[in-house]
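As structure tokens, the structure follows; a few thoughts come after it.
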Amino acid sequence: MQAQEVLRQLRLPELDDLRQYVRGLHANTLLGMGAVAAFTTYWFSTRPRALQPPCDLTMQSVVMQSEEHARRSALNSSDEHMSYYHSDATTLYDGFLRGLRVSDNGPCLGARKPNQPYEWQTYREVADRAANVGSALLHKGHSQSGDKFIGIFAQNRPEWTISELACYTYSLVTVPLYDTLGAEAISFIIDKAAISTVICDLPEKASMILDCFNERERTVKTIVVMEPFDGELVARGQTCGVDVVSLKAFEDLGKANYHDPVPPKPEDLALICFTSGTTGNPKGAILTHGNVISNTAAFLKITEVKVGVILMQGARIGFFQGDIRLLMDDLKELRPTFFPVVPRLLNRMFDKIFSQANTRLKRWMLDLAFRRKLSELNSGVVRRDSIWDKLIFKKVQASLGGRVRLMLTGAAPVSPPVLTFLRVALGCQFYEGYGQTECTAGCSMSMPGDWTAGHVGPPLPCNAIKLVDVPDMNYLASNNEGEVCVKGANVFLGYLGDPEKTAEAIDKDGWLHTGDIGKWLPNGTLKIIDRKKHIFKLAQGEYIAPEKIENIYNRSDPVAQIFVHGDSLQASLVAIVVPDPDFLPIWIKRRGISGSYLELCKSIDVKNAILEDIQKLGKEAGLKSFEQVRDIALHSEMFSVQNGLLTPTLKAKRAQLQSHFRAQIDKLYAGVKV
Numbered sequence: 001m002q003a004q005e006v007l008r009q010l011r012l013p014e015l016d017d018l019r020q021y022v023r024g025l026h027a028n029t030l031l032g033m034g035a036v037a038a039f040t041t042y043w044f045s046t047r048p049r050a051l052q053p054p055c056d057l058t059m060q061s062v063v064m065q066s067e068e069h070a071r072r073s074a075l076n077s078s079d080e081h082m083s084y085y086h087s088d089a090t091t092l093y094d095g096f097l098r099g100l101r102v103s104d105n106g107p108c109l110g111a112r113k114p115n116q117p118y119e120w121q122t123y124r125e126v127a128d129r130a131a132n133v134g135s136a137l138l139h140k141g142h143s144q145s146g147d148k149f150i151g152i153f154a155q156n157r158p159e160w161t162i163s164e165l166a167c168y169t170y171s172l173v174t175v176p177l178y179d180t181l182g183a184e185a186i187s188f189i190i191d192k193a194a195i196s197t198v199i200c201d202l203p204e205k206a207s208m209i210l211d212c213f214n215e216r217e218r219t220v221k222t223i224v225v226m227e228p229f230d231g232e233l234v235a236r237g238q239t240c241g242v243d244v245v246s247l248k249a250f251e252d253l254g255k256a257n258y259h260d261p262v263p264p265k266p267e268d269l270a271l272i273c274f275t276s277g278t279t280g281n282p283k284g285a286i287l288t289h290g291n292v293i294s295n296t297a298a299f300l301k302i303t304e305v306k307v308g309v310i311l312m313q314g315a316r317i318g319f320f321q322g323d324i325r326l327l328m329d330d331l332k333e334l335r336p337t338f339f340p341v342v343p344r345l346l347n348r349m350f351d352k353i354f355s356q357a358n359t360r361l362k363r364w365m366l367d368l369a370f371r372r373k374l375s376e377l378n379s380g381v382v383r384r385d386s387i388w389d390k391l392i393f394k395k396v397q398a399s400l401g402g403r404v405r406l407m408l409t410g411a412a413p414v415s416p417p418v419l420t421f422l423r424v425a426l427g428c429q430f431y432e433g434y435g436q437t438e439c440t441a442g443c444s445m446s447m448p449g450d451w452t453a454g455h456v457g458p459p460l461p462c463n464a465i466k467l468v469d470v471p472d473m474n475y476l477a478s479n480n481e482g483e484v485c486v487k488g489a490n491v492f493l494g495y496l497g498d499p500e501k502t503a504e505a506i507d508k509d510g511w512l513h514t515g516d517i518g519k520w521l522p523n524g525t526l527k528i529i530d531r532k533k534h535i536f537k538l539a540q541g542e543y544i545a546p547e548k549i550e551n552i553y554n555r556s557d558p559v560a561q562i563f564v565h566g567d568s569l570q571a572s573l574v575a576i577v578v579p580d581p582d583f584l585p586i587w588i589k590r591r592g593i594s595g596s597y598l599e600l601c602k603s604i605d606v607k608n609a610i611l612e613d614i615q616k617l618g619k620e621a622g623l624k625s626f627e628q629v630r631d632i633a634l635h636s637e638m639f640s641v642q643n644g645l646l647t648p649t650l651k652a653k654r655a656q657l658q659s660h661f662r663a664q665i666d667k668l669y670a671g672v673k674v
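Position one of the sequence shown corresponds to residue 1 (the UniProt record's numbering), numbered consecutively onward.
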């Protein structure tokens with residue numbers, strides 16, 4: 001019994017369950033004392049110190065004296081907003097030059113071909129190529145005071161960043177385009193911004209630009225193409241009065257007609273980001289260099305990351321091959337240290353991990369490892385070298401390259417259980433942020449050391465946040481609830497050529513109205529609880545916020561996506577549910593039902609089981625009876641950007657979803673009436 005007594009006296013959290021397991025075993029079946037001592041020594045020697053938070057985590061934001069119901073970051077010493085982090089980097093151009101200096105002309109942009117290692121361009125090589133592209137743009141007649149909007153229509157790749165830097169080097173303005181906008185929206189953007197030069201990656205995208213000339217003459221005069229193209233494209237361009245040239249030829253043109261840089265100022269325009277929106281034409285958010293730099297500065301202030309994350313600090317950026325199917329191979333080869341990620345990918349990672357724990361023993365081990373690491377996380381310890389990492393979580397960490405030390409998620413809500421589990425499993429600093437294009441992506445972010453889920457952190461140091469009454473929905477700022485409004489150095493100037501929409505977004509006092517409903521938690525963090533813009537009334541006059549309901553129903557294990565709908569002439573809600581193709585067969589098999597994914601999606605029994613599960617979740621979350629869906633239809637194809645049902649930031653296009661599923665919705669309502 002001597003070995004058991006030693007284990008009991010050690011009182012190590014990671015050995016509690018082991019002690020109970022071995023209590024009834026003979027001493028000669030246990031590990032020798034040397035093994036126990038070695039294990040104990042390893043545990044103590046590898047256990048890092050807790051991460052020190054940058055502020056008191058019980059009060060992460062401060063009530064402002066100058067604005068009612070407004071709060072600012074506790075990291076700021078006054079109500080003044082942070083506008084930069086490094087005094088020598090107040091524009092995006094300055095930031096790149098700083099990266100060149102501090103990296104000592106180190107590797108900057110990397111890419112690879114299939115089955116090949118990554119090839120890197122140095123900071124100087126990138127700067128020289130950008131100067132050549134920028135000089136060619138000036139040679140073509142572009143200038144800071146005149147024709148300054150440059151379209152970039154390409155997938156993420158080194159040439160995208162080089163083209164962007166070319167604009168910043170000469171105080172020109174980048175207008176990103178993406179094919180998921182559709183030809184009609186791209187045509188609208190070209191007209192709205194009067195774009196005369198578009199830089200494309202593929203000949204097909206150049207053809208899409210030329211398609212815009214079928215209706216009438218456009219402003220485009222030059223199309224620069226990164227990949228090889230044939231003479232037919234050149235001839236078609238000539239017919240439209242457009243010069244189609246290769247990126248290589250364009251760089252040579254700039255090299256032969258070099259211009260000295262024209263550095264921008266913080267207040268100069270940097271980007272026109274056209275948001276796809278869920279209805280109507282895209283809106284062009286005008287962002288300055290100061291907007292982007294202030295947001296970057298706030299991130300650095302919170303995380304205090306010194307190297308290896310952004311170009312301003314000499315980091316290097318690796319790009320994937322362009323094929324999403326090869327993304328995991330690229331991750332393993334690149335082994336990133338900073339990995340921004342969308343919630344949808346997190347959900348898939350979570351589901352895959354639990355689907356592989358398909359025996360009682362595996363599930364017990366997974367639960368045990370999670371509990372042990374969660375206790376460390378709650379005490380501020382973040383690591384990936386514990387015994388549980390080596391036994392249980394090594395595989396999922398290796399799938400991301402094994403070196404990730406910082407992750408950031410946003411763009412959509414992430415389930416608290418999913419976020420908490422992956423914080424534990426991945427063993428890295430994992431932040432959740434909130435914002436929108438109009439505030440340069442972010443306005444709040446969770447703090448180091450606060451690894452609790454269910455909130456989006458306090459305001460960033462570059463902005464303040466206040467809550468405004470929404471009486472129709474019974475949200476009052478006096479109750480610490482209301483519409484989230486943002487004011488600060490990161491708030492955009494307005495929408496390009498659209499003063500009416502600008503006035504709707506920014507009030508007379510300079511506050512950006514987001515349309516989201518937030519709530520201040522006791523520790524000064526913000527929780528997003530509802531959405532103002534997508535509310536509608538049912539026939540009986542009750543207001544419905546469908547996204548709130550969808551966020552609750554999305555916690556159901558078999559649900560991958562859901563669209564909750566209500567007609568103003570109907571007294572109840574219905575929904576379209578896309579089951580999770582990986583998890584549905586496992587989940588429904590426990591209920592004695594089996595079959596292929598398509599067969600399960602057609603099964604009435606499966607539909608009823610999912611309906612029962614989401615209604616149970618709704619009841620537990622406190623949904624009122626009129627907020628619960630009465631019936632659902634199962635759909636086997638995911639909502640996606642490609643089929644036009646999601647925006648490029650993966651938000652639901654509600655009007656398109658309603659139109660797409662009109663027949664199913666009508667059938668559901670007919671059944672509800674019966």
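The beta-carbon is built from N, C-alpha and C at its ideal position, and this holds for glycine as well.
Spatially closest choice to residue i from the options, by CA coordinates
i      : options                        : result
Asn156 : Val305, Met226, Arg98          : Met226
Asn290 : Phe213, Cys439, Val309, Val220 : Note that residue 290 corresponds to Gly in the displayed sequence, not to Asn. Considering only alpha carbons, the answer is Cys439.
Leu391 : Ala425, Pro413, Gly401         : Ala425
Ala575 : Val559, Ile186, Phe274         : Val559
Pro176 : Ala285, Pro261, Glu333         : Ala285
Gly494 : Leu181, Gly99, Thr275          : Thr275
Cys485 : Gly151, Glu67, Pro53, Ala127   : Glu67
Leu138 : Lys255, Pro581, Gln570         : Lys255
Leu496 : Val414, Tyr434, Ile189, Val262 : Ile189
Val224 : Ala270, Asn214, Gly134         : Gly134
Val418 : Asp323, Ala131, Asn551, Asp509 : Asn551
Val414 : Asp389, Ala453, Pro459, Arg405 : Ala453
Ile195 : Lys616, Ile209, Thr219         : Thr219
Glu481 : Asn490, Ile465, Leu75          : Ile465
Neighbour-count burial assignment, residue i, 16 or more Cβ in a 10 Å radius
i           : result
Leu7        : Reliability of the predicted coordinates at Leu7 is poor, the pLDDT of 39 falling under 50, and no value is obtained from them.
Trp364      : exposed
Leu327      : exposed
Lys265      : exposed
Ser659      : exposed
Met1        : Residue placement at Met1 is flagged as unreliable, the pLDDT there being 43, under the threshold of 50; the coordinate-derived value follows with that caveat. Flag for Met1 reads exposed.
Tyr93       : buried
Ile186      : buried
Gln9        : For Gln9, the pLDDT reaches just 45, beneath the cut-off of 50, and the residue's location in the model is therefore unreliable, although a value from the coordinates is still provided. With fewer than 16 Cβ atoms within 10 Å of its Cβ, Gln9 is classed as exposed.
residue 710 : Lying before the first or after the last residue shown, residue 710 is absent from the chain, which here runs from 1 to 674.
Leu361      : exposed
Arg384      : buried
Gly442      : buried
Thr647      : buried
Residue i: first and last residue of the uninterrupted beta strand (DSSP E) it sits in
i      : result
Tyr243 : The amino acid at residue 243 is misidentified as Tyr; the sequence shows Asp. 243-246 is the extent of the beta strand (DSSP E) around Asp243.
Val102 : No beta strand (DSSP E) holds Val102; the alpha helix (DSSP H) holding it covers 92-102.
Gln429 : 429-434
Glu463 : Per the sequence shown, residue 463 should be read as Asn rather than Glu. Its beta strand (DSSP E) spans residues 463-468.
Cys485 : 481-488
Leu111 : Residue identity differs from the one stated: residue 111 is Ala in this sequence, not Leu. Residues 107-111.
Ala131 : Looking at the DSSP string, Ala131 is not in any beta strand (DSSP E); the run it does join, the alpha helix (DSSP H), is 123-139.
Val396 : Segment 394-399 is the alpha helix (DSSP H) holding Val396; no beta strand (DSSP E) there.
Val62  : 61-63
Residue range of the alpha helix (DSSP H) that includes residue i
i           : result
Thr525      : Counting along the chain, Thr525 falls outside any alpha helix (DSSP H), and DSSP gives it neither H nor E.
Cys167      : 158-169
His565      : Run containing His565: none in the alpha helix (DSSP H); it sits in the beta strand (DSSP E), 559-565.
Ala297      : 289-303
residue 675 : Nothing in the structure corresponds to residue 675, since the chain is present only between 1 and 674.
Cys601      : 597-601
Beta-bridge partners of residue i, as assigned by DSSP
i      : result
Cys212 : Its beta-bridge partners do not exist; DSSP assigns none.
Gly318 : Gly110
Ala633 : Ile576
Lys283 : Thr275
- Message: With a threshold of 8 Å, are at least 3 pairs of Cβ atoms found where one atom belongs to the region 142-149 and the other to the region 169-187?
- Response: yes
- Query: Would you say the region 657-670 touches the region 194-214, given that touching needs at least three Cβ pairs under 8 Å?
  - Reply: no
- Task: Kindly confirm or deny that the region 294-308 and the region 510-517 touch, where touching means at least three C-beta pairs closer than 8 Å.
- Result: no
- Indicate whether the contact test is met: 3 or more Cβ pairs, each with one atom in the region 519-534 and one in the region 585-599, closer than 8 Å. no
- Message: Assess contact between the region 228-238 and the region 51-64, defined as three or more Cβ pairs (one per stretch) separated by less than 8 Å. Is contact present?
- Response: no
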